Structures are given as C-alpha cells and as structure tokens.
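The next block holds one structure in the form of structure tokens; read it before the comments.
Chains as they are written, first to last, in the numbering used here: chain A, -10 to 27; chain B, 299 to 819.
In structure tokens form, the structure reads like this:
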C-alpha cells in the first residue's frame, strides 16, 4: 500500500491518520461544550 | 547565506524570546504565577507549549537520524506520541489531574502525588528522582541544540553550549512558567511551519510523489549496510526482523520507552493543572495531535527518505554518508535544502531545544525549591519564588556538567532512557491516584522504589547498551552484563521495571488494606 510492502509500516501511517481524524472530531465537537471532568 | 546573516537572524529571534520572557516576568506576581501561571492559561498556548515541550531537538535531530538509519518503523512512535501522548494523556489523565490538582491546590507533580497519598516522603522521593534524573535528559537536549549550532555556524561546541544555556536560563529564572509558556508558543509555531515546509520541500528536491518515493526506498533495500543487516535491518520500508537486536532497540527502547514514558513526564503532567476547565483540555486534544503529526511525522518520514537523496547524490545510504546518527539530519538540511531554509531550520532546532529545556529547568527548579526545600526563602514572604529560582540555577549547572560527559549518538537513546525510568517509577502511582481508590500510601511507595530500583539495576547490570558503557558490572563481576543470554541484555529496562512496579502497587495496597481491615476487625 502506498509503495510500502510491509503492513507493519503502512499500518503505522494509517493509524496515525485515524488518530488525527479522531482528534479533529473530538476537539471540534467539544470546542465550546462545558463539562464531570468522572 | 553567510555567518553574519545567520547571526543577525538568530539575534533577532533571541530578542523576541527575551521580550516574551520579560513579559512573563512582568505578569508574575507570586509563587502560584511562577509555578502554574495562576491556573488560567489559554488552551491554545497550553497545547502548543505541551507539544513544544514534548518535541525537543532529540526528536528532530536524534530520532530523525534513527529514521534515516533504521527506516520507517519509527513511525509507530509518531502514532504513540499522538495516541498516548495526547489522546490518552489529555482525555483520561489530564481531566482528572486538573480536577484533583485544583482540589488539592497542588502546584507541582511531586506535590500532587504527595498530597493524594498524604505522604511527604512520596513528595520528596518523586522530587528527588526528578532533580537527579532529569539533568541527564536536559543534557541530551542541550547537546542536540549545541551540536547543530556548531555545525551551522562552525563555532566551537563549548561556546555554542554556553551561550545557548545562558539564554534559556535567563528567561526561565526571571519569567517563571509564564515566560516559558509564551516562548513555547512562539517556538511551537516556528517548529510547525518549518516541518511542514521541510516535508513538501524535500519531495520537490526528490522530484517524486509519496508512493513513488516509497517504492524507490523499498527498491533500495539491497543497499542496507552489512553491519545493519546483521542487526536485523531488512530495508527502510520494512520493520526489522522480529526478535532481532534492532527490533528490540526500536520496539522496546525507542517506541515503548518514549510512547509509554510520555504519560508520566512531570513537565507535561503539570500543564494539565494550568487550565481552568476540562473544555480547555478538549481543545488541546485537537491542537496537540495536529502539531505532533506534522512535526514528528514529517521529520521521521523525511529522515527515512534521506537515503534516496544520499544515494542519488553520493552513491551511499544515509548511515554511510555520516556514521554519527545525530549528524544525519543536519547534513541533509545542509546539502539538500535551499540555503535560506538552513537558517529557518536552525531556528526550528533552537526552538525545539529551548522549549523543552526551559520546561525541564522549570520542573527541576520547582522540584528543588517547592517540593524539597520549600522553607528556603530570601524573605519571610510565603509566596517567595527564591528557592525555585535557586533550584533552576542548580539544575542548569548539573545539566551543563553532564552534557560534557555524553558520548556520540546518545540523543535518541538518552531521551528514551529517561522517559522509560519515569514510566516505571511514576506511572503506576500516578495512574492509581486518578483511577484506583484502594491504592495506599505504602503501595505507592513500594511502586516508586521498585520502579526506580529495578530500572537502575537493569541499566547497570542487565541492559548492555547502558551497562557496557557505565562499566560497573565489569568492575564487580568481570563481565559486561550479568545475563549474557540473548535477548535479555537487549530488552529495555522499562519492560522489566514497569510490570514489577505495577505489581508492587497492587500487592502493596491490597496487603496494607488487609492489615488495616484486620486491625479494625
């Protein structure tokens, strides 16, 4: 995938982008939400 | 670009940093301001400061060199930096730390643990580990910055080190955490912009797209030097042979040591206590992840691809172009990128070093002045910051001395080493303070001692990378390591010490609870 034959490598890239998308969703959806801290 | 022009750019940068440090000084009224910025830090500044503190010259120069030598496997560390260092840290550790820290009115990480477990001994022990262990990490960061300045300006390493240290010392001692935060935010922006440009600029230099470059790097695998093949290297787009020495170094030391160790870094944890609501930490998740994937992801990727550049221009791979891993990235920037970018990259390295170093000095100073010697004051004022400032000064001197004893290629390993010790020593007690109400003072103390003791023992007698160079084991037993059986001497101390530290807090807490219940019954 993407010129990398080892799943041990391209999985790291894929998961890093998944993590970035989660962070964008998490941060934006709670940008002004007051929070339980529990 | 000549040395004079470079000098002017650096002087302008230093003036801006000094002005931000002065701004911090003007806005610091008492010890609470000096240590926690009054718990009212803007979330963007907090997240940028967290990222800039996290990413030092070690990450850029040291781990970039690791990527150039070992390949793209180091990107697992980028993933862990984002996932554990930001997502897990902010959501599962940060919110509770902020809430409890505010309830306890804790101003430092040792004080937080000491107040939670109601133990002055725990506070002093944690502070002592920070004050005695962190100078090694600070020295590694200092070296990363100074080596780069030496190469760029062709000035004496000792002079580079002295000037660099004095400037950071000036704004940390006077400006406190506000000075550190303001300068961190500027430095984070410089690092982000520089790494983003490096990533796209380097692809232009190579004249390839993402997939083509990866394919070309895959095809370069037969050129892996024999000395690296013997260690398990299979090419720069493949993981090392599972169970090989290189695999153990990459996975147990660099990826796990830093990836887990970042959860218990005192200079990072204290930033959770600087904001006034959980909302600010939610915003930090977004800012922190975007910052890390660009800064860390870019340099690891470019580091691995540097082999294509060196192969094309010199007919050798990166680790043959220069043997010292810590010098690969500076050489690449010097040879591959436009001259003006070298100046920009130099500001980036200065920023990365200064932002991490300032946080380390501040944390060590707080451990000395606020946790161990809180009664050391120049006046009767309870809000005096005199003792913390003395602590900062002593920690700078200690780090400066250690920096002169460091060997070549130490930058990435030294970082992993300190983070691993932090994880094994602090993480179980810190985690239980947030999530396990049955954890007792005795359990926490047992965990701290076991984590620290096992880490030190493995470093001195089992793990060849440290035991061999320290030489204590050879002095006492005549052998480099006690267990000369593979893979035991290749496994990082964190894999021995962290499970035992966890076991210590669980057993210690259950046994002391039981004793108390028996006494009550």
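Note that beta-carbon positions come from the ideal geometry of N, C-alpha and C, so glycine has one too.
These figures come from a predicted structure and were not determined experimentally.
- Straight through space, the alpha carbons of residue 770 of chain B and residue 495 of chain B are spaced by roughly 46 Å.
- Excluding the 5 residues flanking it on each side, residue 453 of chain B has same chain C-beta neighbours closer than 8 Å at 447, in chain order.
- The three-state reading of DSSP puts residue 808 of chain B in helix, counting H, G and I together.
- Interface residue (Cβ-Cβ distance to chain B less than 7 Å): residue 12 of chain A is classified as such.
- Only residues of its own chain outside the window of five on either side were considered, and among them 535 have a CB closer than 8 Å to the CB of residue 512 of chain B, listed in chain order.
- Rounded to the nearest angstrom, the gap between the Cα atoms of residue 372 of chain B and residue 810 of chain B is 42 Å.
- The stretch 692 to 699 of chain B makes no contact with the stretch 734 to 742 of chain B: fewer than 3 CB pairs, one atom from each, lie closer than 8 Å.
- Proximity of chain A to residue 384 of chain B at the Cβ level (cut-off 9 Å) is accounted for by 8 and 12, in chain order.
- Remark: fewer than three beta-carbon pairs, one from each stretch, lie closer than 8 Å, so the stretch 586 to 598 of chain B and the stretch 503 to 519 of chain B are not flagged as touching.
- If you look at residue 605 of chain B, you'll find it in the alpha helix (DSSP H) that goes 576 to 612.
- Residue B:552 holds the alpha-carbon nearest to the alpha-carbon of residue 379 of chain B among B:552, B:665 and B:656.
- Taking the C-beta atoms as reference points, residue 475 of chain B is found no nearer than 7 Å to residue 646 of chain B.
- For residue 541 of chain B, the closest C-alpha among the options B:795, B:803 and B:788 is that of B:788.
- Using a C-beta cut-off of 8 Å, the stretch 645 to 664 of chain B makes no contact with the stretch 388 to 403 of chain B, since fewer than three inter-stretch Cβ pairs fall below that distance.
- Rounded to the nearest whole angstrom, the C-alpha separation of residue 316 of chain B and residue 303 of chain B is 20 Å.
- Per DSSP, residue 668 of chain B lies in no alpha helix (DSSP H) segment and is marked neither H nor E.
- CA-CA distance, residue 643 of chain B to residue 618 of chain B, rounds to 23 Å.
- With three or more CB-CB distances shorter than 8 Å, the stretch 345 to 355 of chain B counts as touching the stretch 560 to 570 of chain B.
- Nearest to residue 430 of chain B by C-alpha distance, out of B:528, B:664 and B:574, is B:664.
- Taking residue 683 of chain B as the centre and dropping the five residues before and after it, the same chain places the C-beta of 329 and 332 closer than 6 Å to its C-beta, in chain order.
- Boundaries for residue 737 of chain B: no alpha helix (DSSP H) harbours it, and the DSSP string shows neither H nor E there.
- In this structure the stretch 412 to 425 of chain B does not lie against the stretch 581 to 588 of chain B, because fewer than three pairs of beta carbons, one per stretch, are closer than 8 Å.
- Under the Cβ criterion of 7 Å, residue 381 of chain B is counted among the residues facing chain A.
- Shown here for residue 559 of chain B: same chain residues with a beta carbon closer than 6 Å to its own, the five before and five after excluded, namely 717, 718, 720 and 721 in chain order.
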